[in-house]
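Per our numbering, residue 18 is the first one in the sequence shown, and the count goes up by one each step.
No residue lacks a Cβ here, since even glycine has one placed at the ideal position from N, Cα and C.
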Amino acid sequence: MCVTCGCGTATTHNHTHASENQGHFGTKTVMEVEKDILYENNLLAQRNRGYFEGKNIYCLNLVSSPGSGKTSLLEKTLTDLKQELNFAVIEGDQQTSFDADRIAATGTKVTQINTGKGCHLDAHMILHALQGMNLGHNLVLFIENVGNLVCPSMFDLGESLRVVVISTTEGDDKPLKYPDMFYTSDVCVVNKTDLLPYVSFDMEKVRTNALRINPNLRFFEVSCTTGEGLQEWYDWLKTTVTQSLQPQ
Ligand SMILES: Nc1nc2c(ncn2[C@@H]2O[C@H](COP(=O)(O)OP(=O)(O)OP(=O)(O)O)[C@@H](O)[C@H]2O)c(=O)[nH]1
Ligand SMILES: [Mg+2]
């Protein structure tokens, strides 16, 4: 679903949006409606954030296009760091529990959200998932968002950090084509570096363009298949989490 107008599918999407029509849609200003939707989401995100603070939970929201390797990165991270950190995961997909099953196989507590026609997770869905999870204190919560490089950028879930994952098979033009996702993220993980010899992907171009959009982005180059680069990601994650979580 497109959140700008709420239309169900691309085939019914035969009109212009506010920004394409000087801010007006017929006689009504579309911007006001969008602001109201995000206002409620942002309130609930703050509630989630308060819950995380109260329980000393560090929350990372993983966003990407479908298939970049979010679940693969989680499988590796959870398996390799489970002796050092306590983890929990919320999985978001339109259908199936495939990803939750993969996470459960690592021995990590996990809940699957199915969004149906929805193209992103929102703060309300996370609130409900948290109510059913009965999480303890002092842990790292990963949220794997629905694979989509557009809509999830608009929805604050209450996370501490947003991590955008892109892969070398997607093309190096993604930061410029989907700038909102890179603008709202804190970390960029470039996955599938093992495929660099076989694809046309200019790592320097990606970094330069992403940093033009967001100069504060922190980069990691990894291969979840070979394990290359994962140690740097692990070291950063452990340091960041340890510094942020207060001893309780
Ligand atoms: N060659 C290579 N393949 C990878 C790597 N990481 C993941 N893959 C493959 O990429 C495909 C998608 O990986 P997933 O981890 O399921 O991707 P995802 O982002 O979780 O996908 P969605 O949840 O559907 O959005 C799988 O076939 C993985 O085996 C990598 O580093 N190198
Ligand atoms: Mg996945």
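- Item | Inter-residue Cα distance where the pair is G175 and K126 | As a first step, residue 175 must be located in the sequence shown, where it is residue number 158. As a first step, residue 126 must be located in the sequence shown, where it is residue number 109. About 19 Å.
- Task: Kindly list the residues whose CB is nearer than 8 Å to the CB of R64, restricted to its own chain and excluding five residues on each side of it in sequence; keep chain order.
- Result: In the sequence shown, the residue the question calls residue 64 occupies position 47. Correct list, in chain order: A140, L144, G175.
- Message: Less than 8 Å between the C-beta atoms of D211 and S240, yes or no?
- Response: Position 194 of the sequence shown holds residue 211. Position 223 of the sequence shown holds residue 240. Yes, these two residues count as a Cβ contact at 8 Å.
- Sequence-distant residues of the same chain with beta carbon closer than 8 Å to L152, five excluded per side: Here residue 152 corresponds to residue number 135 of the sequence shown, with the count starting at 1. Answer for L152: K72, I74, A105, K126, L158, listed in chain order.
- Just list the alpha helix (DSSP H) runs in the segment 56–143, keeping only unbroken ones of 4 residues or longer that don't cross its boundaries, in chain order. Runs of the alpha helix (DSSP H) lying entirely within the segment 56–143, each at least 4 residues long, are 87–98, 115–121 in chain order.
- Alpha-carbon to alpha-carbon, N231 and T113: Locating residue 113 in the sequence shown gives position 96, where the first residue counts as 1. Locating residue 231 in the sequence shown gives position 214, where the first residue counts as 1. Each residue's Cα considered, the two are about 34 Å apart.
- Roughly how many whole angstroms lie between the Cα atoms of A27 and L79? Within the sequence shown, numbered from 1, the residue matching residue 27 stands at position 10. Within the sequence shown, numbered from 1, the residue matching residue 79 stands at position 62. With a pLDDT of only 39 at A27, under the threshold of 50, the placement of this residue in the model should not be trusted, and no figure is reported.
- Query: DSSP on S240, reduced to helix/strand/coil?
  - Reply: As a first step, residue 240 must be located in the sequence shown, where it is residue number 223. Residue state for S240 is assigned as coil, using DSSP reduced to three classes.
- Task: Go to L178, then tell me how far its beta strand (DSSP E) extends in each direction, as first and last residue.
- Result: As a position in the sequence shown, residue 178 is number 161, starting the count at 1. If you look at L178, you'll find it in the beta strand (DSSP E) that goes 178–184.
- Just the C-alpha distance for N165 and V181, rounded to the nearest angstrom, thanks. Here residue 165 corresponds to residue number 148 of the sequence shown, with the count starting at 1. Here residue 181 corresponds to residue number 164 of the sequence shown, with the count starting at 1. Here the C-alpha atom of N165 lies approximately 11 Å from the C-alpha atom of V181.
- Query: Is T88 near ligand 1, going by C-beta to nearest heavy atom under 7 Å?
  - Reply: Here the question's residue 88 lines up with position 71 in the sequence shown. Result yes, Cβ under 7 Å from ligand 1.
- Alpha carbon to alpha carbon, how far is T186 from C168? Give it in angstroms, no decimals. Counted from its first residue, the sequence shown places residue 168 at position 151. Counted from its first residue, the sequence shown places residue 186 at position 169. Their Cα atoms are separated by approximately 21 Å.
- Exposure label - L60; buried when at least 16 CB within 10 Å: Reading the sequence shown from its first residue, position 43 is the one you call residue 60. Exposed is the call here.
- Is S217 buried or exposed, if buried means 16 or more other CB atoms sit within 10 Å of its CB? Looking up residue 217 in the sequence shown gives position 200. It counts as exposed.
- Item | A146 versus T88: straight-line alpha-carbon distance, rounded | The sequence position of residue 146 within the sequence shown is 129, counting from 1. The sequence position of residue 88 within the sequence shown is 71, counting from 1. Cα to Cα, the separation comes out at about 18 Å.
- Task: Using 7 Å as the cut-off, classify the Cβ of D118 as near or not near the heavy atoms of ligand 2, replying yes or no.
- Result: Counted from its first residue, the sequence shown places residue 118 at position 101. No, ligand 2 has no heavy atom inside 7 Å of this Cβ.
- First through last residue of the alpha helix (DSSP H) which encompasses L152: Here residue 152 corresponds to residue number 135 of the sequence shown, with the count starting at 1. Looking at the DSSP string, L152 is not in any alpha helix (DSSP H), and its letter there is neither H nor E.
- Message: I'd like to know whether the C-beta atoms of L178 and N103 end up nearer to each other than 8 Å.
- Response: Here residue 178 is taken as the residue at index 161 of the sequence shown, counted from 1. Here residue 103 is taken as the residue at index 86 of the sequence shown, counted from 1. For L178 and N103, no; Cβs fall outside 8 Å.
- Counted within 10 angstroms of its Cβ, other Cβ atoms place Q129 as buried (16 or more) or exposed: The residue given as residue 129 occupies position 112 in the sequence shown. Counting every other CB atom within 10 Å of its CB across the protein chains shown gives Q129 a total of 16 or more, marking it as buried.
- Determine which residues share a DSSP beta bridge with C168 and list them. Translated into positions along the sequence shown, residue 168 becomes position 151. Answer is none; C168 lacks a bridge partner.
- Query: Just to confirm, does E161 get its C-beta within under 7 Å of one of the non-hydrogen atoms of ligand 2?
  - Reply: Here residue 161 corresponds to residue number 144 of the sequence shown, with the count starting at 1. Within the cutoff, so yes.
- Residues near N131 by beta carbon distance below 7 Å, same chain, minus five either side: Position 114 of the sequence shown, counted from the start, is the residue given in the question as residue 131. Only D110, Q111, Q112 meet the Cβ criterion.
- Message: The alpha helix (DSSP H) that contains N208, what's its start and end?
- Response: Position 191 of the sequence shown holds residue 208. Membership of N208 in any alpha helix (DSSP H) is not indicated; the residue belongs instead to the beta strand (DSSP E) covering 204–208.
- Could you pull out every residue in the same chain whose Cβ sits closer than 7 Å to the Cβ of T201, ignoring the five residues on either side in sequence? One-based indexing of the sequence shown puts residue 201 at position 184. Shown here for T201: same chain residues with a beta carbon closer than 7 Å to its own, the five before and five after excluded, namely S170, R179 in chain order.
- With a cut-off of 8 Å on the beta carbons, I'd call L98 and Y195 a contact; round off their distance for me. On the sequence shown, position 81 is the one that residue 98 refers to. On the sequence shown, position 178 is the one that residue 195 refers to. So it is not a contact: roughly 29 Å between Cβ atoms.
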